[in-house]
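Colleague:
Protein chains in written order, with the working numbering: chain A, 40 to 327; chain B, 40 to 327.
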């Protein structure tokens with residue numbers, strides 16, 4: 040049981056991220072009532088049936104009425120518009136926080152929209168699967184995973200403490216860093232790998248040297264490796280656009296290494312190939 | 040129980056591939072005795088203790104003496120030298136087959152070395168894990184997996200039938216194709232993904248914008264995605280060199296798609312990004 044307990048949390052966007060947080064906080068006894076809000080009524084009905092939320096409101100302003108914490112789990116590109124819409128309805132002392140995968144650009148848009156007397160804390164849990172929707176939510180999603188919070192000089196210390204306690208109650212290890220650092224770290228460990236996986240599946244699937252589909256031969260390795268290429272296209276379009284500059288930097292970093300490797304293969308450079316693979320194996324094994 | 044039964048099989052290279060085949064064939068009652076051979080005595084002792092082989096011989100010529108089938112599971116670049124060494128000791132009517140990941144170049148070297156009266160069938164089971172050695176072997180490795188055989192006009196029909204039955208006894212679905220086609224298919228679904236994974240880990244692990252190791256933040260997704268970058272460096276050096284031309288063709292195919300994606304990110308082309316990700320998701324979901 041957490042040292043904190045919050046009366047009412049409103050989750051806007053009751054999918055994998057928002058729904059799993061709601062379930063985890065209920066399990067931990069961190070929250071009294073969870074109110075859901077989101078665009079799709081069938082999804083909210085599912086969330087209600089699965090016990091993820093206690094009730095829902097279709098109107099965001101009604102949904103946040105009286106909430107102690109509002110957790111925004113809608114797509115990154117919709118966050119600023121949502122904050123603008125709910126701002127007049129937030130109670131004094133409410134804490135507004137999000138789970139968006141990109142922070143710098145998004146927070147720059149959001150912060151001016153937060154009304155006086157409401158505390159904003161940017162956040163991003165490093166967890167997820169390729170599935171989406173309330174049905175994909177489960178209470179242990181965040182257990183043992185990191186959650187990055189991105190406070191700055193303006194962030195209220197008490198609000199930061201409560202949001203930290205919230206993620207800890209969900210089982211996460213909380214780490215704080217700047218929004219700019221967050222975006223570069225995520226570009227490296229998450230956004231770049233997705234771009235690579237999407238490109239790999241497109242490249243292999245479009246290879247038409249043979250009449251039959253070459254993907255038909257793909258064994259478990261390829262399937263595991265490309266699992267993330269099944270992720271939601273509109274979510275990843277939004278992430279790629281919102282984190283454009285850090286992502287392009289990382290894509291170029293990758294291209295440099297890939298071109299070096301291709302050159303070693305072309306030259307048949309035995310030693311450099313071994314060294315390239317061994318260095319990668321060593322780094323990979325260190326994070327096992 | 041298979042319709043075929045073979046008296047003695049010699050496995051040269053009792054690691055994940057050779058050891059798992061031995062275990063599967065014993066389970067299926069396909070073979071009477073399995074003789075192991077390989078460079079490392081400790082590994083052969085382990086294989087003996089685990090019941091993978093019934094006995095072993097350090098000398099390859101002694102090991103193949105009297106064998107009905109000899110299965111070569113040593114690294115691809117050592118296959119031709121091994122065939123040259125055992126050739127004088129193979130009995131008339133013996134079947135020689137291999138599990139090498141690259142076929143065209145290797146078979147061109149091997150075929151002239153096979154003595155008259157011995158039948159050669161090239162093969163490659165599409166299965167594996169990132170682990171190696173006899174300890175990694177398990178009987179169900181090939182269950183439900185494809186095994187590609189690469190017969191040509193010279194291949195003996197009866198020998199092909201027996202090798203087909205052997206892989207079917209191990210649980211595989213056998214598919215025949217030319218060595219050239221095999222190498223392009225494997226470059227696409229296996230060799231290219233490994234090059235991509237090795238490059239990704241090197242690129243992310245070498246990114247030193249921050250003092251701390253960025254890989255420290257990598258969550259489950261990155262770990263799963265880069266699992267294959269833990270594969271044996273010398274094995275992959277050899278595969279890259281042996282399948283050089285098909286691999287470079289696929290690496291360039293990948294580079295084209297990756298560059299297209301980077302350009303779409305740079306331009307902020309919303310529609311093209313969505314289309315790129317959606318096409319990939321569709322192709323990926325079709326092979327689930």
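From the three backbone atoms N, C-alpha and C, an ideal C-beta is built for every residue, glycine too.
State the Cα-Cα distance for the pair residue 113(B) and residue 51(B), rounded to the nearest angstrom.
Modeller: 6 Å
Colleague: Can you check which of these residues, 181(A), 101(A), 322(A) and 197(A), is closest to residue 212(A) by C-alpha distance?
Modeller: 181(A)
Colleague: Compare the C-beta of residue 307(B) against all C-beta atoms of chain A and say whether one is closer than 7 Å.
Modeller: Using beta-carbon distances, residue 307(B) counts as an interface residue toward chain A, with a partner under 7 Å.
Colleague: List, in order along the chain, the chain B residues whose C-beta lies closer than 7 Å to that of residue 268(A)?
Modeller: 319, 320 and 323
Colleague: I want to verify the contact list: residues of chain A whose CB lies under 7 Å from the CB of residue 242(B), in sequence order.
Modeller: 292, 293 and 296
Colleague: Is it a yes or a no for the stretch 286-295 of chain A touching the stretch 264-279 of chain B, going by three-plus beta-carbon pairs under 8 Å?
Modeller: no
Colleague: Within the present structure, is the beta-carbon of residue 240(A) separated from the nearest heavy atom of the ligand MG by less than 6 Å?
Modeller: Of the ligands one can find in the structure shown there are none, so the ligand MG has no counterpart to examine.
Colleague: Going along chain A, which residues have a C-beta under 7 Å from residue 301(B)?
Modeller: 287 and 290
Colleague: For residue 92(B), go through chain A and note every residue whose CB falls closer than 8 Å to its CB, in chain order.
Modeller: Among the residues of chain A, none has a CB under 8 Å from the CB of residue 92(B); the nearest is roughly 26 Å distant.
Colleague: If contact means a Cβ-Cβ distance below 8 Å, which residues of the stretch 170-182 of chain B contact chain A?
Modeller: none
Colleague: In terms of residues, what are the limits of the beta strand (DSSP E) holding residue 108(A)?
Modeller: 108-111
Colleague: Could you name the residues that DSSP lists as bridge partners for residue 136(B)?
Modeller: 110(B) and 160(B)
Colleague: I'd like to know whether the C-beta of residue 338(A) is nearer than 7 Å to at least one C-beta of chain B.
Modeller: Since the first and last residues shown for chain A are 40 and 327, residue 338(A) lies out of range.
Colleague: Leaving out five residues on either side along the sequence, give the residues of the same chain with a beta carbon under 7 Å from the beta carbon of residue 132(B).
Modeller: The answer, listed in chain order, is 156.
Colleague: In chain B, which residues lie with their C-beta within 7 Å of the C-beta of residue 206(A)?
Modeller: Going along chain B, no residue has its Cβ under 7 Å from residue 206(A), so there is no contact; the nearest lies around 14 Å.
Colleague: Chain A partners of residue 316(B), CB-CB under 7 Å?
Modeller: 237, 272, 275 and 276
Colleague: With residue 305(A) as the anchor, note down where its alpha helix (DSSP H) starts and where it stops.
Modeller: Here the alpha helix (DSSP H) through residue 305(A) covers 283-306.
Colleague: Taking DSSP's pairing of strands, which residues face residue 91(A) in a bridge?
Modeller: Looking at the DSSP assignment, residue 91(A) forms no beta bridge with any residue, so it has no partner.
Colleague: Would you identify the three-state DSSP class for residue 97(B), choosing helix, strand or coil?
Modeller: coil
Colleague: Looking at residue 154(A) and residue 128(A), is the spacing between their C-beta atoms short of 7 Å?
Modeller: No, these two residues do not count as a Cβ contact at 7 Å.
Colleague: Taking C-beta to C-beta, are residue 55(A) and residue 175(A) nearer than 7 Å?
Modeller: yes
Colleague: Using a Cβ-Cβ cutoff of 9 Å, what residues of the stretch 249-263 of chain B are near chain C? List them in chain order.
Modeller: The structure shown contains no chain C; its protein chains are A and B.
Colleague: Would you say residue 164(A) reaches chain B, if we count a Cβ-Cβ gap shorter than 7 Å as a contact?
Modeller: no
Colleague: Should residue 228(B) be flagged as near chain A, meaning a C-beta pair shorter than 7 Å?
Modeller: yes
Colleague: Please confirm if residue 326(B) has its CB atom under 7 Å from at least one CB of chain A.
Modeller: yes
Colleague: Given this structure, state the Cα-to-Cα distance separating residue 97(A) from residue 70(A), to the nearest angstrom.
Modeller: If you draw a straight line from the Cα of residue 97(A) to the Cα of residue 70(A), it is about 21 Å long.
Colleague: Go ahead and pull the three-state DSSP assignment for residue 75(B).
Modeller: strand
Colleague: I want to know whether the stretch 231-243 of chain A touches the stretch 295-307 of chain B - three or more CB-CB distances under 8 Å.
Modeller: yes
Colleague: Mind checking if residue 223(A) is an interface residue toward chain B, Cβ cutoff 7 Å exclusive?
Modeller: Interface flag for residue 223(A) against chain B is set, since a Cβ pair is found closer than 7 Å.
Colleague: What number of angstroms, rounded off, separates the C-alpha of residue 64(B) from the C-alpha of residue 48(B)?
Modeller: The alpha-carbon atoms of residue 64(B) and residue 48(B) are separated by roughly 10 Å.
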